[in-house]
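Shown next, in structure tokens, is the structure this report addresses.
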Amino acid sequence: MFIGLDLGTSGLKGVLMGEDQAIVAEATAPLSVSRPHDGWSEQAPADWIAAAETVLDALAARDLSGVAGIGLSGQMHGATLLDAADQVLRPCILWNDTRSAAQAAAMDADPAWREISGNIVFPGFTAPKLHWVREAEPEIFAKVAMVLLPKDYLRLWLTGDHVAEMSDAAGTSWLDTGARDWSDDLLARSGLNRDAMPRLVEGSEVSGTLRADLARRWGLSERVVVAGGGGDNAASAIGAGVVQAGQAFVSLGTSGVLFAANDGYRPDPATAVHTFCHALPGTWHQMGVILAATDALNWFARLVGEEAAALTGGLGDLRPPGRTLFLPYLGGERTPLNDAGIRGAFVGLEHATDRYAATRAVLEGVAFAIRDCRDALAATGTRIDSLLAMGGGSRSDYWLRAIATALDIPVDLPVAGDFGGAFGGAFGAARLAQMAATGGGAELAPAPKIAHSIAPETGLAAAFDEGHARYRAARDAIRGLT
110 MFIGLDLGTS GLKGVLMGED QAIVAEATAP LSVSRPHDGW SEQAPADWIA
160 AAETVLDALA ARDLSGVAGI GLSGQMHGAT LLDAADQVLR PCILWNDTRS
210 AAQAAAMDAD PAWREISGNI VFPGFTAPKL HWVREAEPEI FAKVAMVLLP
260 KDYLRLWLTG DHVAEMSDAA GTSWLDTGAR DWSDDLLARS GLNRDAMPRL
310 VEGSEVSGTL RADLARRWGL SERVVVAGGG GDNAASAIGA GVVQAGQAFV
360 SLGTSGVLFA ANDGYRPDPA TAVHTFCHAL PGTWHQMGVI LAATDALNWF
410 ARLVGEEAAA LTGGLGDLRP PGRTLFLPYL GGERTPLNDA GIRGAFVGLE
460 HATDRYAATR AVLEGVAFAI RDCRDALAAT GTRIDSLLAM GGGSRSDYWL
510 RAIATALDIP VDLPVAGDFG GAFGGAFGAA RLAQMAATGG GAELAPAPKI
560 AHSIAPETGL AAAFDEGHAR YRAARDAIRG LT
């Protein structure tokens with residue numbers, strides 16, 4: 110059997126997976142976020158260990174003597190700072206912490222960062238957090254002996270080793286993403302060197318073995334290996350079988366993610382596309398990120414005093430986009446705009462704009478934003494042949510038909526729970542554990558069973574193309590106004 114642990118922001122999830130990849134048991138433990146100042150977001154690493162203990166205690170209700178490997182997934186970009194004795198120097202600064210915006214902007218103005226890392230230096234990434242610590246907490250910075258990402262701090266507890274893997278390391282801004290190695294040049298610009306960086310492995314490789322005292326505690330063999338694992342989106346992709354060029358998923362959660370697997374390295378930071386290593390050797394992935402997907406629908410539902418499911422449930426057959434447009438930039442936008450200041454808008458409101466027309470406009474606006482992501486990925490040569498729908502928004506058949514038609518790509522809806530469902534990151538981590546323990550590879554990450562596939566509605570293709578053109582014109586027109 111194999112264990113997958115997924116360290117999220119709001120909780121830690123764990124699954125116990127059989128050799129046939131059936132999930133035998135699952136468990137969760139909640140986590141809280143501390144926000145001591147505006148824009149700050151922190152967690153105590155000790156809370157992660159406590160959560161992992163809770164989850165492993167629950168999984169150990171089953172006999173764990175057959176476990177051969179443990180895989181790790183987790184929230185990316187967090188800065189966990191350790192001294193020479195591996196003691197935590199301060200709370201971890203999380204991915205959604207914005208205090209280092211000024212440092213990130215200054216770093217991004219230096220072309221070396223984009224050229225080597227392949228990405229914009231976003232305030233949420235790890236390196237600008239260290240620049241902030243160097244300026245605001247110099248006494249802390251002087252003691253930094255090791256910088257670990259959140260899941261890799263769990264690895265240190267599990268194995269005693271300082272190790273990171275490629276997909277998570279690519280979100281630090283210190284990785285030469287094409288070469289899959291730390292950049293001495295970029296580390297030097299942060300006042301650091303390789304001594305402060307963990308050893309790098311691939312996500313499907315062995316990173317260490319479980320400490321003997323922990324193995325005894327939960328009845329595991331002392332030969333249990335711990336896989337490299339993956340950042341949260343890469344691990345979810347392993348769980349969903351998105352591992353080869355042409356495969357992709359769209360996640361309609363609070364935010365929206367268009368994730369495409371690549372067999373080559375194709376950075377284009379100017380479009381705010383994330384280009385990271387995938388969790389398998391010799392593969393990369395690209396992500397377009399929109400900041401409001403179901404968040405936009407839920408905002409509109411609150412505005413009109415209705416449940417989101419009720420709004421979308423009565424829409425009927427897909428219609429051509431109407432005159433009313435919605436721009437879903439409620440809190441800025443990432444891909445392709447990289448504009449924290451832009452805000453959303455309804456454009457083209459008229460007497461005929463009723464509740465249903467406005468709901469359709471919201472769904473279409475998110476679909477057009479995802480098309481912008483697809484276009485940004487396509488500009489680098491990335492192709493998408495199949496698209497798997499994930500996240501809460503995928504329960505809306507109308508929304509998926511709009512996305513399929515706007516992108517002109519069939520959208521596949523997996524059988525409920527077949528790829529781990531809400532435990533997708535943990536399931537992907539367990540698959541990586543199986544690869545590390547057995548020497549397997551991508552063949553151990555098959556695509557899930559498909560419940561049904563939604564084809565683009567070719568009769569509406571021209572109307573959606575025209576609607577997207579008007580959407581882009583409206584977007585460009587409001588950028589200076591909002």
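Read in order, the letters of the sequence shown correspond to residues 110 to 591 in the numbering used here. Even glycine gets a Cβ: it sits at the ideal position worked out from N, Cα and C.
Could you spell out the range, first to last residue, of the alpha helix (DSSP H) harbouring residue i?
{"i": "residue 371", "result": "Segment 365 to 371 is the beta strand (DSSP E) holding residue 371; no alpha helix (DSSP H) there."}
{"i": "residue 536", "result": "533 to 547"}
{"i": "residue 220", "result": "220 to 226"}
{"i": "residue 347", "result": "341 to 349"}
{"i": "residue 217", "result": "210 to 217"}
{"i": "residue 242", "result": "235 to 245"}
Quick check on DSSP: helix, strand or coil for residue i?
{"i": "residue 402", "result": "coil"}
{"i": "residue 327", "result": "helix"}
{"i": "residue 499", "result": "strand"}
{"i": "residue 491", "result": "coil"}
{"i": "residue 250", "result": "helix"}
{"i": "residue 530", "result": "helix"}
{"i": "residue 479", "result": "helix"}
{"i": "residue 308", "result": "strand"}
{"i": "residue 506", "result": "helix"}
{"i": "residue 355", "result": "strand"}
{"i": "residue 176", "result": "coil"}
{"i": "residue 553", "result": "helix"}
Beta strand (DSSP E) containing residue i: first to last residue?
{"i": "residue 122", "result": "120 to 126"}
{"i": "residue 567", "result": "Element bounds for residue 567: n/a, residue is neither H nor E."}
{"i": "residue 255", "result": "255 to 257"}
{"i": "residue 335", "result": "334 to 336"}
{"i": "residue 274", "result": "272 to 274"}
{"i": "residue 189", "result": "189 to 191"}
{"i": "residue 115", "result": "111 to 116"}
Name the DSSP beta bridge partners of residue i, please?
{"i": "residue 455", "result": "435"}
{"i": "residue 393", "result": "371 and 386"}
{"i": "residue 291", "result": "284"}
{"i": "residue 561", "result": "522"}
{"i": "residue 143", "result": "151"}
{"i": "residue 315", "result": "336"}
{"i": "residue 424", "result": "In the DSSP output, where bridge partners are listed per residue, residue 424 has none listed."}
{"i": "residue 448", "result": "442"}
{"i": "residue 137", "result": "122"}
{"i": "residue 512", "result": "Answer is none; residue 512 lacks a bridge partner."}
{"i": "residue 197", "result": "191"}
{"i": "residue 202", "result": "151 and 188"}
{"i": "residue 132", "result": "126"}
{"i": "residue 576", "result": "According to DSSP, which records beta bridges pairwise, residue 576 is partnered with nothing at all."}
{"i": "residue 300", "result": "Answer by DSSP bridge pairing: none, since residue 300 is not bridged."}
So, at 7 Å on beta carbons, what are the nonlocal neighbours of residue i in its own chain, with the 5 sequence-adjacent residues on each side left out?
{"i": "residue 231", "result": "213"}
{"i": "residue 507", "result": "421, 424, 427 and 472"}
{"i": "residue 266", "result": "158"}
{"i": "residue 208", "result": "148, 149 and 241"}
Looking only at its chain, what residues have a beta carbon closer than 6 Å to the beta carbon of residue i, apart from the 5 residues adjacent to it on each side?
{"i": "residue 587", "result": "454"}
{"i": "residue 457", "result": "432, 433 and 434"}
{"i": "residue 318", "result": "334"}
{"i": "residue 133", "result": "125 and 127"}
{"i": "residue 549", "result": "none"}
{"i": "residue 560", "result": "522 and 524"}
{"i": "residue 532", "result": "122, 124 and 135"}
{"i": "residue 180", "result": "113, 336, 338, 538, 539, 541 and 542"}
{"i": "residue 285", "result": "225 and 292"}
Considering only residues of the same chain and omitting the five flanking positions on each side of residue i, which have a CB-CB separation below 8 Å?
{"i": "residue 352", "result": "346, 370, 387, 389, 392, 551 and 554"}
{"i": "residue 269", "result": "317 and 320"}
{"i": "residue 287", "result": "227, 374 and 376"}
Segment contact flag, the segment 189 to 203 with the segment 540 to 548, C-beta cutoff 8 Å, min 3 pairs: no
Inter-stretch contact at 8 Å, needing at least 3 Cβ pairs: the segment 351 to 369 / the segment 487 to 502: yes
Cβ pair count under 8 Å reaching 3, the segment 370 to 379 against the segment 479 to 489: yes
Cβ contact check for the segment 529 to 538 and the segment 339 to 353: 3 or more pairs under 8 Å: yes
Cβ pair count under 8 Å reaching 3, the segment 417 to 426 against the segment 388 to 397: no
Stretch pair the segment 161 to 180 + the segment 317 to 333: three plus CB contacts closer than 8 Å: yes
At least three beta-carbon pairs within less than 8 Å, the segment 171 to 181 to the segment 220 to 236: no
Cβ contact (3+ pairs, closer than 8 Å) linking the segment 295 to 304 and the segment 179 to 190: no
The segment 303 to 312 touching the segment 142 to 155, judged by at least three CB pairs closer than 8 Å: no
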